[in-house]
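*Asks:* Residue numbers (my numbering), protein chains in the order written: chain A, 6 to 553; chain B, 6 to 553.
By construction, the Cβ of each residue, glycine as well, lies at the ideal position given by its N, Cα and C atoms.
Please see the structure below; I have some questions.
The following block contains the structure:
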């Protein structure tokens, strides 16, 4: 069996290596345009920040080493330009010599990846403009930073890679502005979470300019400013991380079906509409595991999963991919962010009867050094009580909370299922009530009517209009708000009307919940708790107090 | 409704607080023998190590604060001595005055916890002998260490708390010996894992003496030696952490059913055989979620889960506890350890057709600073392919791997279910193929016959007898073993017999697997891979080489 693989980064090399192990008789050839294979694309921002000191750290495998280890053949500098499905061959052109060649296949794997979007705007050829896609991009940018020529940088695009680059430039002493046309950075998170992160980044010295169009780079021989739809921003370097597009131009006129975004459509075996042609990795369109709808997941993790699975199927196996869930995790200065599953907005769009909760909970035993908070937002379906998604922020192990939810959502857990799970606890790692189980308990209280609350999003939208803000903290903490001490409530509370709309606000949400519980007992009918309390909503609470 | 709760640490306070929130009209009274409530029992070792500097850090709630916050009444220094189920009262004695009193209840909750086992052996009254159960124990031990009087200590009992104390004493400059009568420390782990940890602890300066009976403490007015079944060991202090026993003596003659270990038997609503009497926390016997058999889970986490659940049921709810899974995690010097579910030994005993695998995998992107290994052992049922348990070691986030498995096992996942889950990946957190998914892939390879291997346990048991050890490392790494370079195999290998039993050994196991795959292709019929390679088995491999 002759197998041609177009592309040799994560997905292509995974297919090749696994396929050879499944069938040493298979003749497996990788044709790849670049000079590196299997490089650590996800590590590039960390090379920029000198977290990874050496370029060698970015290269997982050389073509020679890979060939020797796997028995697959690797031809670098070979651009595939066309496919002849009739006689089952691909056309390739040597990048160096321009020579064309023809390669027969029994099975073809498209793993051509994706390339950064390069808008047609002025100034992008200036030497301090970078696309962050190959090791050379990272090497050149860091060299410039280390040479001392970069005081300010603009990162265009507030996705995960853009923010990772901003973090790393920031750590090297470069002042960063992140520009994004979208209303917020961190795509896929809900807007109140995005805003919280934007405020945090500003505190850390990373400014985000959202809702801002990138219109080009200005400068005479070198980058001087970035032109936006609002104003020109001073910069010594620009990193473009606007997004990527699948490298599928060579599939034009082949009859291989593409999605509207030009990724390759595949079935759950990673087969295209031609059963002898597979597509994997960044160039393929997969499904969302929860909704079953098309979802693009251009991630190293998905590349590896789909690559392995395609190899098994090509070798005669019968393995189905159940889809991606939009999982992401990103290291930011003192605030890691992670998510999986559906955001509130996505869940509503998908037609679920959505209920959410947001908590601020200890990430480990509060008395341990380094203990901090997790901010956890859960998204669930009210009817089926199925967990649909999580978003989590914190300086600690947000990836743990995400990964538990990945398992739970994949296995179709109800929120109730998480309440009595025997999660690991010891003071250096977690809390006696696991932070995720704690959040699940609060969500169950809310679903069962024991907690009546506004989410931060509802509060920001003005749903608490007409409610009087009541300070339910252990000591008065909100200027101008009436203060109620939970421990002193033994009946009616002076000054609070029994049917008056009252919004109870404390540091994190818990004490306000206890206060609500007691006030209900004494006949108060119209109280709400502000989820996440002052920790998450301080600015919005202060603004509301000023308005009142 | 009058509710009496016997005991006021984790489980008792949880019942009281949740019950008041469920029903503010309930009259909830905690009767507790000690002077502290709701203290951080799990934090005691960390106070000893000065990780927690102040005693105040150990006390979660004072009785006064707790009463004011929850509305439950707390009476400290009140020992419950008997129950009259006929007239539904309990008898209590004041620890200070000796006065007895009678307390009527509608519902009674036994949350009396457990106490350290105090063997009847000489020397235990010496002032430098400690039981680690209350804040005072930790305070007194640290005071002695800080006063400079303790150069060597013996910890009796190699369970999690014993090892945590040893770690913390060690960090304070005290040389520690851990004595245990069992063949190994770390109960509940499989023996090859236990041995690995024991060797690691020895490297870190913590000596373990297993299979060793504790026979008392010797010394004239102060601790001088610990007498064991083997020899006397010098010591300036002794910490006894032999185990705990449920505080249920006061239930004698009440007709409340106890398990053979004197814990209280309950149903899944945490009710005893008297439906008006509940038991929660360390004094209750729960079920193992996987086997359905009785299981004792005296952990802060289980106390909180069962306490909350009992409160809901007492308040009229209908919530079932599905059981504990033996989850544990423990911080040790440069090697955290965690587990959940069944060990190989437990799974075999429970009658499963057990298959296991052990891998050494990267815990995050190898090029990131602080990256290290996880050693992961998975236990599964061959027939149903259900995941049954995990044991994991590593300097990183072992708790993450454990918690994912807690969710997966609780939701009855097959190993295959974990292979295509969309786990979180970014270089600071994980690897593109998640370490757990990677291990699952290896296990699936093994179950499907693609990998033929010996586990470290099988190797240690002598199952590889008759196999010749072949060094399959990138460069020769095993003195005296024939070396085979995977990248140079292009047919028959000189000196290796096609049907000869060959044990392929590399650093971690992966390269040996690749080598096996290629050798099979060239007609070799009798090869095995040593799981975990030299990283896990170096001493055993060297020993086998010497014998050969």
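Can you check whether the C-beta of residue 29/B is within less than 8 Å of a C-beta belonging to chain A?
*Replies:* Locating residue 29/B in the second chain gives position 24, counting from the first residue. Cβ-Cβ to chain A under 8 Å: yes for residue 29/B.
*Asks:* Ignore the nearest five residues each way along the sequence and tell me which others in residue 145/A's own chain have a CB closer than 8 Å to its CB.
*Replies:* Position 140 of the first chain holds residue 145/A. Answer for residue 145/A: 135, listed in chain order.
*Asks:* Does DSSP put residue 511/B in a helix, in a strand, or in coil?
*Replies:* The residue labelled residue 511/B in the question sits at position 506 within the second chain. Three-state DSSP puts residue 511/B in coil, outside helix and strand.
*Asks:* Hey, is the stretch 109 to 116 of chain B in contact with the stretch 8 to 19 of chain B, meaning 3+ C-beta pairs nearer than 8 Å?
*Replies:* Result yes; three or more Cβ-Cβ pairs closer than 8 Å.
*Asks:* Looking only at its chain, what residues have a beta carbon closer than 8 Å to the beta carbon of residue 44/B, apart from the 5 residues adjacent to it on each side?
*Replies:* Here the question's residue 44/B lines up with position 39 in the second chain. Only 14, 63, 64, 65, 139 and 140 meet the Cβ criterion.
*Asks:* Give me the chain A residues within the contact set of residue 249/B, using Cβ-Cβ distance strictly less than 9 Å, ordered along the chain.
*Replies:* Numbered from its first residue, the second chain carries residue 249/B at position 244. In chain order: nothing, as chain A lies at least about 16 Å away.
*Asks:* Check residue 113/A in the structure and name its three-state DSSP category.
*Replies:* Numbered from its first residue, the first chain carries residue 113/A at position 108. Note: residue 113/A maps to strand in three-state DSSP.
*Asks:* Can you tell me which of the three DSSP states residue 139/A falls into?
*Replies:* Reading the first chain from its first residue, position 134 is the one you call residue 139/A. DSSP places residue 139/A in coil when its eight states are reduced to three.
*Asks:* Which residue wins for smallest C-alpha separation from residue 202/B, given the options 519/B, 380/B and 345/B?
*Replies:* Here residue 202/B corresponds to residue number 197 of the second chain, with the count starting at 1. Of the candidates 519/B, 380/B and 345/B, the one whose C-alpha sits nearest the C-alpha of residue 202/B is 380/B.
*Asks:* With 16 other CB atoms within 10 Å as the buried threshold, where does residue 358/B fall?
*Replies:* Translated into the one-based positions of the second chain, residue 358/B becomes position 353. So residue 358/B counts as exposed.
*Asks:* Shorter than 8 Å from the beta carbon of residue 418/A to some beta carbon of chain B?
*Replies:* Position 413 of the first chain, counted from the start, is the residue given in the question as residue 418/A. Chain B contact via Cβ: present.
*Asks:* Anything in chain A within Cβ reach of residue 310/B, meaning under 7 Å, just list it in chain order.
*Replies:* Along the second chain, read from residue 1 onward, the residue named residue 310/B stands at position 305. Those are 425, listed as they occur along chain A.
*Asks:* Quick one: Cα of residue 187/B to Cα of residue 234/B, how far?
*Replies:* Position 182 of the second chain, counted from the first residue, corresponds to residue 187/B. Position 229 of the second chain, counted from the first residue, corresponds to residue 234/B. Approximately 13 Å between the Cα atoms of the pair.
*Asks:* Are the Cβ atoms of residue 213/B and residue 190/B separated by less than 8 Å?
*Replies:* Working through the second chain from its first residue, we reach residue 213/B at position 208. Working through the second chain from its first residue, we reach residue 190/B at position 185. Yes, these two residues count as a Cβ contact at 8 Å.
*Asks:* Got a sec: is the Cβ-Cβ distance from residue 67/B to anything in chain C below 8 Å?
*Replies:* Absent from the structure: chain C. Protein chains present are A and B.
*Asks:* Can you tell me the Cα-Cα spacing of residue 207/B and residue 248/B, whole angstroms?
*Replies:* In the second chain, the residue the question calls residue 207/B occupies position 202. In the second chain, the residue the question calls residue 248/B occupies position 243. Looking at the two C-alpha atoms, the distance is approximately 23 Å.
*Asks:* Going along chain B in order, which residues have a C-beta closer than 9 Å to the C-beta of residue 451/A?
*Replies:* On the first chain, residue 451/A is found 446 positions in, with the first residue counted as 1. Chain B residues near residue 451/A: none, gap ~13 Å exceeds 9 Å.
*Asks:* Consider the Cβ of residue 390/B: report whether some Cβ of chain A lies at a distance smaller than 8 Å.
*Replies:* Stepping through the second chain from its first residue, residue 390/B is reached at position 385. No, its Cβ sits nowhere closer than 8 Å to a Cβ of chain A.
*Asks:* Are there 16 or more other CB atoms within 10 angstroms of the CB of residue 241/B, so buried, or fewer, so exposed?
*Replies:* Along the second chain, read from residue 1 onward, the residue named residue 241/B stands at position 236. Buried, by the Cβ-count rule.
*Asks:* By the DSSP assignment, the beta strand (DSSP E) with residue 180/A in it spans what residues?
*Replies:* Here residue 180/A refers to the residue found at position 175 of the first chain. Counting along the chain, the beta strand (DSSP E) containing residue 180/A begins and ends at 180 to 184.
*Asks:* Taking a cut of 7 Å between CB atoms, which residues from the stretch 393 to 409 of chain A lie near chain B?
*Replies:* Answer in chain order: 402, 404, 405, 407, 408 and 409.
*Asks:* Here's the rule I'm using: 16 or more other beta-carbon atoms within 10 Å means buried, otherwise exposed. How should residue 383/A be labelled?
*Replies:* On the first chain, residue 383/A is found 378 positions in, with the first residue counted as 1. Under this definition residue 383/A is a buried residue.
*Asks:* Assuming the contact rule is C-beta atoms closer than 8 Å, residue 295/B and residue 393/B should be a hit. Round their C-beta distance to whole Å, please.
*Replies:* Walking along the second chain from the start, residue 295/B turns up at place 290. Walking along the second chain from the start, residue 393/B turns up at place 388. Sure, about 6 Å apart at Cβ, within 8 Å.
*Asks:* Which residues in chain B have a C-beta closer than 8 Å to the C-beta of residue 244/A? List them in chain order.
*Replies:* Here residue 244/A refers to the residue found at position 239 of the first chain. Residues of chain B passing the Cβ test: none, with the nearest at roughly 18 Å.
*Asks:* Near residue 523/A, which residues of its chain fall below 7 Å by C-beta distance, leaving aside the five closest residues on each side in sequence?
*Replies:* The count along the first chain starts at 1 and reaches residue 523/A at position 518. 491 and 494.
*Asks:* Decide yes or no for the touch test of the stretch 504 to 515 of chain B against the stretch 352 to 366 of chain B: beta carbon pairs closer than 8 Å, at least 3 of them.
*Replies:* Cβ pair count under 8 Å is three or more, so yes.
*Asks:* Starting from the beta carbon of residue 294/B, find every residue of chain A whose beta carbon is closer than 8 Å, and list them in chain order.
*Replies:* Along the second chain, one-based indexing puts residue 294/B at 289. Ordered by position in chain A, the residues that pass the 8 Å Cβ test against residue 294/B are 427.
*Asks:* Taking only the alpha-carbon atoms, compute the straight-line gap between residue 169/B and residue 181/B and give it to the nearest angstrom.
*Replies:* The residue given as residue 169/B occupies position 164 in the second chain. The residue given as residue 181/B occupies position 176 in the second chain. Residue 169/B and residue 181/B: Cα-Cα distance of roughly 11 Å.
*Asks:* Between which two residues does the alpha helix (DSSP H) holding residue 52/B run?
*Replies:* Numbered from its first residue, the second chain carries residue 52/B at position 47. Note, residue 52/B: alpha helix (DSSP H), 49 to 53.
*Asks:* Taking DSSP as the reference, what is the three-state secondary structure of residue 290/B?
*Replies:* The count along the second chain starts at 1 and reaches residue 290/B at position 285. In the structure shown, residue 290/B sits in a strand (DSSP, three-state: E or B).
*Asks:* To which residues does DSSP link residue 398/A through a beta bridge?
*Replies:* In the first chain, counting from the first residue as 1, residue 398/A sits at position 393. Answer is 342/A and 380/A, bridged to residue 398/A.
*Asks:* If contact means a Cβ-Cβ distance below 7 Å, which residues of the stretch 177 to 195 of chain A contact chain B?
*Replies:* Listed by position along the chain: nothing, the set is empty.
*Asks:* Is DSSP giving residue 521/B helix, strand or coil here?
*Replies:* Stepping through the second chain from its first residue, residue 521/B is reached at position 516. Correct three-state label for residue 521/B: helix.
*Asks:* Under 7 Å Cβ to Cβ from residue 199/A, same chain only, skipping five residues before and after it: list those, please.
*Replies:* On the first chain, residue 199/A is found 194 positions in, with the first residue counted as 1. Excluding residues within five positions, the ones whose Cβ falls inside 7 Å are 189, 190 and 191.
*Asks:* Quick check: the stretch 298 to 309 of chain A against the stretch 325 to 335 of chain A, are there 3 or more CB pairs under 8 Å?
*Replies:* These segments touch.
*Asks:* State yes or no: is the beta carbon of residue 114/B nearer than 8 Å to at least one beta carbon in chain A?
*Replies:* One-based indexing of the second chain puts residue 114/B at position 109. No, residue 114/B lies away from the interface with chain A (no Cβ there is under 8 Å from its Cβ).
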